[in-house]
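S.K.: Chains as they are written, first to last, in the numbering used here: chain F, 19 to 352; chain A, 19 to 352.
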């Protein structure tokens, strides 16, 4: 559901009730019963949604009918006072309860009951007021599933981009960009390449850190010290990798189809080009959790909440990518 | 001409001889006579090019016929041994002589004889072997014209982008990003806004340095300490300026037409999105020289030199922008 005062309930209802999406899986929306009932009746009046309160037997797994959408309310929280567009501690608390419930359900995943998690946007600041240190879905789930490290992957109609460092100041980037981190990030992308790109041997383009790829050490040395050695060491096991490429070359080649997946060294290097092209359809995927987790690549959009104008395109793509990932098999999830 | 072994001679010949461009100005190609004659005969056999050796009287200015293309050879250098595609000290030396000659001609600029300089790509490394410390056209001209500071502006069909810091390592960016530098950069863009955007009141979007514009200080403090105060101080004199914007929002809005000129804090933040969209047509312009100087935004392309496949589109756009800048008047050049 995400934050109940954002566009999460609306895009969840629109996406899961749409004809294109409904047949892909059994959907269980973890959310507030009243909020989600309203969202479904406003945005998908004939969606055939059944509200399940809490009657799922976790020991036996889920016994659900194909092609239906269920709402599971984890209980707790009182959202009577919630106003669309206004973040609140009550809304944040409920959103957090939903994430926790979804994560616990995900542990029931096995090969007979494949499960994926698709998250809706939350207000990090509001949740961190309720749960100190909450830094986002990705960090929460990384800790929950005891994952050593994860990679943020952005998948859009035009570009597929992974970032090595994430939400840190630019001044911290050179320090955090170690051989170890870079190697593990590229390895996670290589492991998941088929799911990300739909190809067995996609071309992976690794960006440089510095302008013009450092011009042989004249504009920074990280290409020589960190990036080139890591690419060299990985090329033995996967040949379709190139770099370090100047970022302004890598994205141009990606747009022309010469590179399938771009690995950027830091947030804006990857997200600038990515969001320019795929703002409305982009999907965020976390690699390395041991479970499939995707999310639309946009925020709560409080300014347009409950106006029934939000696009569910990114949410629909997040669902499609999650289903594809399950189909590609658990082998690609580590 | 640029480096004689690169695509400079070819794109210069193609562009100046093309019907669309020829009528815009009188063109004087500063280059090697033999190299340029070959380039014109191969790429524009009916271009009507007259080769002028060195007979221009700098005291009286240039007496040239409208609608013709001249070649002015500054003399010096022996290019008999030059092979297309192979950079050499001889080629670099001649390219440098041409730049110096062009800069000295530019000093003849006055309101009756408006002049602009359009540079062709050179090999910086090769020239710096001939002239220690040569860092590129921009830096050379900045010193030549005693300009206190200049701004690199990239103009393409899709995006217009200025960068605050340029060819420096990422680790140096936060240190070099001072209030003074930012203020002067934005001021130069404001001064030249009509020429850049074709509008009186273009919307100027200023990027943040850090991801998510620093999230209120949680991801870096430069937005609070440097960028926001500068924007605030400039808004009084020019109201159509906004920021600091997360880079992944700024370029998305620019692509949608909501921002006319983006100011990026560092090279890849701006050039990644810019080159992705405008690689083939982009133009580089130097603001603050006191003279108009543009150049195609690509390199020497030694790999395709003299194969007659190079696109002159970016060179043609560089010429168009230079002519527009002269038309907009010298007021916009400081």
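The beta-carbon is built from N, C-alpha and C at its ideal position, and this holds for glycine as well.
#1: Taking Cβ positions, are residue 107 of chain A and residue 323 of chain A nearer each other than 8 Å?
#2: Put residue 178 of chain A into one of helix, strand or coil per three-state DSSP.
#3: Which residues in chain A sit within 9 Å of residue 247 of chain F, going by Cβ to Cβ distance?
#4: Throw me the rounded Cβ distance for the residue 85 of chain A and residue 41 of chain A pair, which I believe falls under 8 Å.
#5: Given a cut-off of 8 Å, decide if residue 341 of chain A and residue 62 of chain A are closer than it, judged by their beta-carbon atoms.
#6: Quick one: residues in its chain with C-beta nearer than 8 Å to the C-beta of residue 300 of chain A, no 5 flanking neighbours on either side, listed in chain order?
#7: Can you check DSSP and say which residues form a bridge with residue 159 of chain A?
#8: Between F/272, F/286, F/195, which lies nearest to residue 264 of chain A when the distance is taken from Cα to Cα?
#9: Answer yes or no: does any C-beta atom of chain A fall closer than 8 Å to that of residue 320 of chain F?
#10: Given residue 230 of chain F, which residues of its chain have a CB within under 7 Å of its CB, disregarding the five upstream and five downstream residues?
#11: Please classify residue 44 of chain A: does DSSP put it in a helix, a strand, or coil?
#12: Closest to residue 24 of chain F by CA distance: which of F/124, F/122, F/58, F/110 is it?
#13: Let's see if you can read the secondary structure: which residues bound the alpha helix (DSSP H) around residue 203 of chain A?
#14: Near residue 225 of chain F, what residues of its chain come up, given a Cβ to Cβ distance below 7 Å and the 5 sequence neighbours on each side ignored?
#15: Would a check of beta-carbon distances place residue 309 of chain F closer than 8 Å to chain A?
#16: Is there a Cβ from chain A that is less than 8 Å from the Cβ of residue 273 of chain F?
#17: Return the bridge partner residues of residue 302 of chain F from the DSSP annotation.
#18: Give the DSSP-derived three-state secondary structure of residue 256 of chain F in the structure shown.
#19: Please classify residue 27 of chain A: does DSSP put it in a helix, a strand, or coil?
#20: Considering only residues of the same chain and omitting the five flanking positions on each side of residue 330 of chain F, which have a CB-CB separation below 6 Å?
#21: Would you be able to state if there are at least three C-beta pairs under 8 Å between the region 295-310 of chain F and the region 191-210 of chain F?
#22: Is the number of C-beta pairs between the region 134-141 of chain F and the region 178-190 of chain F that are closer than 8 Å three or more?
#23: Using 8 Å as the threshold, is the C-beta distance between residue 338 of chain A and residue 135 of chain A below it?
#24: Please report the straight-line C-alpha distance between residue 215 of chain F and residue 241 of chain F, rounded to a whole angstrom.
#25: For a cutoff of 8 Å on Cβ pairs, would you count residue 191 of chain A as touching chain F?
#26: So what's residue 90 of chain A in DSSP terms, helix, strand or just coil?
#27: Ordered along the chain, which non-local residues of its own chain (more than five positions away) have a Cβ less than 7 Å from that of residue 73 of chain A?
#28: Using CA atoms only, rank isn't needed, just tell me which of A/188, A/154, A/56, A/47 is closest to residue 325 of chain A.
#29: Using a Cβ-Cβ distance cut-off of 8 Å, determine whether residue 230 of chain F contacts chain D.
#30: My assumption, with CB atoms under 8 Å, is that residue 213 of chain F sits in contact with residue 343 of chain F. Please give the rounded CB distance.
#31: Between residue 249 of chain A and the rest of its own chain, which residues show a CB-CB distance below 8 Å, the 5 nearest in sequence each way excluded?
#32: Since residue 8 of chain F sits in a beta bridge, which residues does DSSP pair it with?
#33: In chain A, which residues lie with their C-beta within 8 Å of the C-beta of residue 269 of chain F?
#34: Mapping the DSSP letters down to three states, classify residue 57 of chain F as helix, strand or coil.
#35: Which of helix, strand or coil does DSSP assign to residue 249 of chain F?
#36: Can you confirm whether residue 286 of chain A, when its beta carbon is compared against all beta carbons of chain F, has any partner nearer than 8 Å?
M.R.: A quick look at the data gives this:
#1: For the purposes of this step, residue 107 of chain A is taken as residue 89 along the second chain, with counting starting at 1. For the purposes of this step, residue 323 of chain A is taken as residue 305 along the second chain, with counting starting at 1. Result no, Cβ atoms of residue 107 of chain A and residue 323 of chain A do not sit closer than 8 Å.
#2: Taking the second chain and counting its residues from 1, one reaches residue 178 of chain A at position 160. Here residue 178 of chain A sits in strand by DSSP.
#3: Here the question's residue 247 of chain F lines up with position 229 in the first chain. Here the premise fails: no neighbours, minimum Cβ distance about 18 Å.
#4: Position 67 of the second chain, counted from the first residue, corresponds to residue 85 of chain A. Position 23 of the second chain, counted from the first residue, corresponds to residue 41 of chain A. Between residue 41 of chain A and residue 85 of chain A the Cβ distance is about 6 Å, and since that is below 8 Å, they are a contact.
#5: If you number the second chain from 1, residue 62 of chain A lands on position 44. If you number the second chain from 1, residue 341 of chain A lands on position 323. Not in contact: residue 62 of chain A and residue 341 of chain A (Cβ atoms no closer than 8 Å).
#6: Along the second chain, read from residue 1 onward, the residue named residue 300 of chain A stands at position 282. The answer, listed in chain order, is 172, 173, 174, 292, 293, 314, 315, 316, 332, 335.
#7: As a working mapping, residue 159 of chain A is identified with position 141 in the second chain. None, per the DSSP bridge assignment.
#8: As a working note, residue 264 of chain A is residue 246 in the second chain. The shortest C-alpha separation from residue 264 of chain A is found at F/286.
#9: As a first step, residue 320 of chain F is located in the first chain; it is residue number 302 there, counting from the start. Not one chain A Cβ lies under 8 Å of residue 320 of chain F.
#10: Position 212 of the first chain holds residue 230 of chain F. Here the set comprises 237, 264.
#11: Position 26 of the second chain, counted from the first residue, corresponds to residue 44 of chain A. It is coil, neither helix nor strand.
#12: The residue labelled residue 24 of chain F in the question sits at position 6 within the first chain. Closest option to residue 24 of chain F, Cα to Cα, is F/110.
#13: As a working mapping, residue 203 of chain A is identified with position 185 in the second chain. Counting along the chain, the alpha helix (DSSP H) containing residue 203 of chain A begins and ends at 197-209.
#14: Indexing the first chain from 1 puts residue 225 of chain F at position 207. Counting only Cβ-Cβ distances below 7 Å, and skipping sequence neighbours, we find 261, 262, 263, 265, 268, 280, 281, 282, 283, 287.
#15: Taking the first residue of the first chain as 1, we reach residue 309 of chain F at position 291. It does not; no Cβ of chain A falls within 8 Å.
#16: The count along the first chain starts at 1 and reaches residue 273 of chain F at position 255. True, the Cβ-Cβ gap to chain A drops below 8 Å.
#17: Counted from its first residue, the first chain places residue 302 of chain F at position 284. DSSP, once it has assigned bridges, lists F/172, F/313 as partnering residue 302 of chain F.
#18: Within the first chain, the letter at position 238 stands for residue 256 of chain F. DSSP places residue 256 of chain F in coil when its eight states are reduced to three.
#19: As a first step, residue 27 of chain A must be located in the second chain, where it is residue number 9. In this structure, residue 27 of chain A counts as helix in the three-state DSSP scheme.
#20: Walking along the first chain from the start, residue 330 of chain F turns up at place 312. Contacts found: 29, 32, 33.
#21: yes
#22: no
#23: By one-based count along the second chain, residue 338 of chain A stands at place 320. By one-based count along the second chain, residue 135 of chain A stands at place 117. Not closer than 8 Å, so no.
#24: Residue mapping note: residue 215 of chain F aligns to position 197 of the first chain, counting from 1. Residue mapping note: residue 241 of chain F aligns to position 223 of the first chain, counting from 1. Those two C-alpha atoms are separated by around 26 Å.
#25: For the purposes of this step, residue 191 of chain A is taken as residue 173 along the second chain, with counting starting at 1. It does: the Cβ of residue 191 of chain A has a partner Cβ on chain F nearer than 8 Å.
#26: What you label residue 90 of chain A is simply residue 72 of the second chain in a count that begins at 1. Three-state DSSP puts residue 90 of chain A in a strand.
#27: Locating residue 73 of chain A in the second chain gives position 55, where the first residue counts as 1. Because the pLDDT of residue 73 of chain A is 49, which lies under 50, any placement of that residue in the model is unreliable, and the number read from its coordinates should be weighed accordingly. Taken in chain order, the list of residues that qualify is empty.
#28: If you number the second chain from 1, residue 325 of chain A lands on position 307. Considering only alpha carbons, the answer is A/56.
#29: Protein chains in the displayed structure are F and A, and chain D is not among them.
#30: Translated into positions along the first chain, residue 213 of chain F becomes position 195. Translated into positions along the first chain, residue 343 of chain F becomes position 325. With a Cβ gap of about 5 Å, residue 213 of chain F and residue 343 of chain F count as contacting.
#31: The sequence position of residue 249 of chain A within the second chain is 231, counting from 1. Around residue 249 of chain A: 204, 224, 259, 260, 261, 262.
#32: Lying before the first or after the last residue shown, residue 8 of chain F is absent from chain F, which here runs from 19 to 352.
#33: Translated into positions along the first chain, residue 269 of chain F becomes position 251. Result: 290, 291, 293, 294.
#34: Here residue 57 of chain F is taken as the residue at index 39 of the first chain, counted from 1. Three-state DSSP puts residue 57 of chain F in a helix.
#35: In the first chain, counting from the first residue as 1, residue 249 of chain F sits at position 231. Helix.
#36: Residue numbering aside, residue 286 of chain A sits at position 268 when the second chain is read from its first letter. True, the Cβ-Cβ gap to chain F drops below 8 Å.
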